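See below for the structure under consideration.
Residue numbers (the numbering used here), protein chains in the order written: chain L, 204 to 520; chain Y, 648 to 1038.
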C-alpha cells in the first residue's frame, strides 16, 4: 500500500499532532512553504529554537502583536539567519555548561527562503556550516523573491518568467541555471544534507528527524511551491511538488557523511518535464525547443546524481 | 585589591572583559581592534574564561551571532572598528529594538575611502541614531573601567540596551599604559549575574523580532527613545558606584580649568589629555582657556552641557568626523542644538581635524585658541573649518 496515496489513513498515527506553527497566520491559500514549515515543526518537536530570515514566512507568522510560533523564534534580518542560529547555539551551549539553564537538548534551526539562503545569506550560511555548529539550516526554496514580488534569485530555474527576468519578445525569462545549493552544502563536508518536498510528508519528516539526531551542522533544501509566484491555482501546490520529484526536476535524496542515497519515493522512470511545466504559468511561454534544452539538462543532472548514489553509497547498502 | 600594571590597552580591555564572566564572544579581525579578539581567544584557549568564542566569517555575522546569543540569555560581547562597524550597521538598531544588552568595544578608525587604518571618529558617527548607549574614553584606565561598567549598565532591568565603548584606534588601543586592573573578586562584587527578561528557550517560548507595520511602529520607536533617555539615571548610578568602589569617578561631561575661562575647548576621546596640556600652556601665558570633555555621546547629556557652557563667551568644538555638505562636525551640530534655546550662548567655532590618524599635537589646540581669540569680529564663528589642511 502506498503511504502517500493513503495519507489520510497513516497521518494520524505517524505524524506528531502538536501544531507548533499555529493556524491564523497570513500565508496565501495553497502555500506549500507554510505546509513545509508546519511539517518541519512537527518533526522537530518543542525543544527547538528557530532563527528566521526576513521573508514570506517571517511576515506571515509574526505580525506584531500576534505570533503563530509555539516554539522560541527570532527574526533579525534578511541575510543572517544562519549566523543568528549559530550565536543561539553557542549561547545555549555556554549556559547549559554553566548550569544556568536546564540540561535538555535543544536543536537550533535557521530558516530562510532561496534568496536568504542562496544569495544574500550565502556567506553567513557557509560560515555557520563551516564552523560546525550543532544546528540545522532549512532553505524553503520557492525559486524567486516571492515576498517582494516574484523577482528572480539564483534559485530561479532556467526559463521561468519572473518580474525581474520576465519572458519577452527577445527573452525566455531566467537565462541561467539554478544554483545547485545542496551540492554546495555537500562540498562543506557537513554530516548531513537532504532535499525534501512537503508533497512527500513522511520522507520530509524522516529527514528532519535524522538531521535533528545528528550532532553538528545539517542542511535541508525544501522544495516550496508558490501558487502566487508560479502562476498556478492554489489547489495545485501538492500535485506540482509531486511532479517536480517525478520528473527529476527536484530529486529527493540525502547525503550522510558524503554517502548519497536517493529517496525511495523517487520513481524508477522519470516523467517528461513538460508534465511539470504545463500547470505553471511561469513556464507558459517556453517553446518546445527551449523545453528540450532544459529536459536535457534535467536528465543529465539526474543521471549524475544517480551515479553518485550508486558509487558513493554507504557501506551497509 | 586590583593591581597596578602596564599593558597594551587593547589587551587590557580583553583582560577586563575576561573578568566579567562573559558567556559568549563573536569577533572578526580588523585593525586596530584585532588585539582584543586575539587576547580574548587566548583567555578562552587557556581556560581562563569559560565562554564560547565564535570565529565568525564577518562583522555582520559577529553582530548577528551576539544578537542570537544574547537573545538566548548569554552575556555576549563583540568588538570591531571602521569598515567592520559599517558592515554591522544594519543590525545595530535591531539589537537595541530587541533590548538586548550586548556590549561592544569600538577601536575607532577612519572609514574608507580612501582606505585608511588610523584613528578618527568617522566610524561611530554614522551609528549615532542606532539606539545604543555610546561612551568615549580618554585613556587606558577609562577603557578598562568603561568596558566592565558597560555590562552592568546594559543589563540593568531599567535599561536593557546595548552599549558601545569607543576607544581611539592606535592612539589608545596600541599604547602601553599603566593602570589599575580590578581583581576578579572586585568585579564579581560589582557586577551581578545577567538575569535576562525573556530568552529563546523552549521552557517559555517567546517571539523576538516580530514584524510591525504603521499601527505599532511609532509606539515602538517612542519606547526605544524613552528607554535610552531613561538609561542616563542608571549610567550615573553605576558610575557613582564605581567611584565608591574603585575611587575613580566619571561624569558625562568633565571640565578642566573651565570655571573662569574666556574660551573653552571641547573634545571627545583620547585627545582630551593632549588638549589639557595645551590649556596648561595657554594658562602659563595668561590666556584664560579651559577644557570640556564629552564622555557620554548617547544618551546625550543636554543638562550637563548647558551647565558647563552657560557663562563662556567662546567655545571651540573639535570634531574627528564631518557631516559632508552639512552643518560641520557631528559634535558641533549636537552642541549647537543643545544650546539653541539658551538665553545666553557662546560663539561656537568648529575645527575638524585628526582625520585618518593625522597627529593631534598640543600646538594644534593652542593655535585654535589663539585664532579664536584673535577673531574679534567673530567672523569665523558658527562655521566649520578643516584645521591644518593643505590647500
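Note that CB positions come from ideal geometry on N, CA and C, so glycine has one too. All values derive from a computational prediction rather than experimental measurement.
- Taking 9 Å as the upper bound on Cβ-Cβ separation, chain L lies near residues 737, 738, 741, 742 and 745 of the region 735-748 of chain Y.
- When the Cα atoms are used, residue 978/Y and residue 652/Y turn out to be separated by approximately 34 Å.
- The bridge partners DSSP lists for residue 1034/Y come to none.
- For the region 713-734 of chain Y, the set of residues with a beta-carbon nearer than 8 Å to any beta-carbon of chain L comprises 713, 714, 715, 716, 717, 718, 719, 720, 721 and 723, in chain order.
- Residue 965/Y sits close to residue 914/Y, with the two beta carbons spaced by under 7 Å.
- The beta carbon of residue 711/Y lies closer than 7 Å to those of 738 in the same chain, with the five residues before and after it left out.
- With a contact defined as Cβ atoms closer than 8 Å, residue 722/Y and residue 798/Y qualify at about 7 Å.
- Around residue 1003/Y, the same chain offers 757, 763, 765 and 767 as residues with beta carbons nearer than 7 Å, after the five sequence neighbours per side are excluded.
- The beta carbon of residue 886/Y is closer than 6 Å to those of 897 in its chain, skipping five residues each way along the sequence.
- Annotated as proximal: residue 397/L and residue 410/L, with beta-carbon spacing under 7 Å.
- Excluding residues up to 5 positions away in sequence, 720 lie with their Cβ nearer than 7 Å to the Cβ of residue 843/Y in the same chain.
- Looking at the DSSP output, residue 462/L bridges to 459/L.
- Sequence-distant partners of residue 871/Y (beyond 5 residues in either direction) whose C-beta falls short of 7 Å from its own C-beta, in its chain, are 743, 744 and 778.
- When 260/L, 464/L, 296/L and 490/L are compared, the shortest CA-CA separation from residue 510/L is found for 464/L.
- In the DSSP assignment, residue 780/Y falls within the beta strand (DSSP E) that extends over 780-783.
- Taking the Cβ atoms as the reference, residue 793/Y lies roughly 5 Å from residue 812/Y, within the contact range of under 8 Å.
- Around the beta-carbon of residue 882/Y, 16 or more other beta-carbon atoms lie within 10 Å, marking it buried.
- Per DSSP, reduced to three states, the secondary structure at residue 437/L is helical.
- Counting along the chain, residue 400/L sits inside no alpha helix (DSSP H), nor does DSSP assign it H or E at all.
- Taken atom to atom, the span from the alpha-carbon of residue 438/L to that of residue 221/L is near 24 Å.
- For residue 803/Y, the secondary structure class from DSSP, reduced to helix, strand or coil, is coil.
- An exposed status is given to residue 496/L, since fewer than 16 other beta-carbon atoms sit within 10 Å of its beta-carbon.
- As far as DSSP is concerned, residue 713/Y takes part in no beta bridge.
- In the three-state scheme derived from DSSP, where H, G and I count as helix and E and B as strand, residue 854/Y is classed as strand.
- Between residue 466/L and residue 455/L, the C-beta spacing is below 7 Å.
- Assignment of residue 889/Y by DSSP, reduced to helix, strand and coil, places it in the helix class.
- Contact note: residue 278/L reaches chain Y through 855, 856, 857 and 858, using a C-beta cutoff of 8 Å and chain order.
- Neighbours of residue 295/L in chain Y, taken as residues whose beta carbon is under 7 Å from its own, are 719 in chain order.
- Between residue 395/L and residue 459/L, the gap from beta carbon to beta carbon is short of 7 Å.
- Put simply, the region 931-950 of chain Y touches the region 893-913 of chain Y. At least three CB pairs are less than 8 Å apart.
- The beta carbon of residue 349/L lies closer than 6 Å to those of 259, 429 and 432 in the same chain, with the five residues before and after it left out.
- No Cβ of chain L is located within less than 7 Å of the beta carbon of residue 868/Y.
- With a contact defined as Cβ atoms closer than 8 Å, residue 953/Y and residue 986/Y qualify at about 7 Å.
- By the C-beta criterion, the region 690-709 of chain Y is judged not to be in contact with the region 251-270 of chain L, since fewer than 3 inter-stretch pairs fall below 8 Å.
- Among the residues facing chain L, residue 823/Y is not included, as its CB has no counterpart in that chain under 7 Å away.
- Between residue 699/Y and chain L, the shortest Cβ-Cβ separation is below 7 Å.
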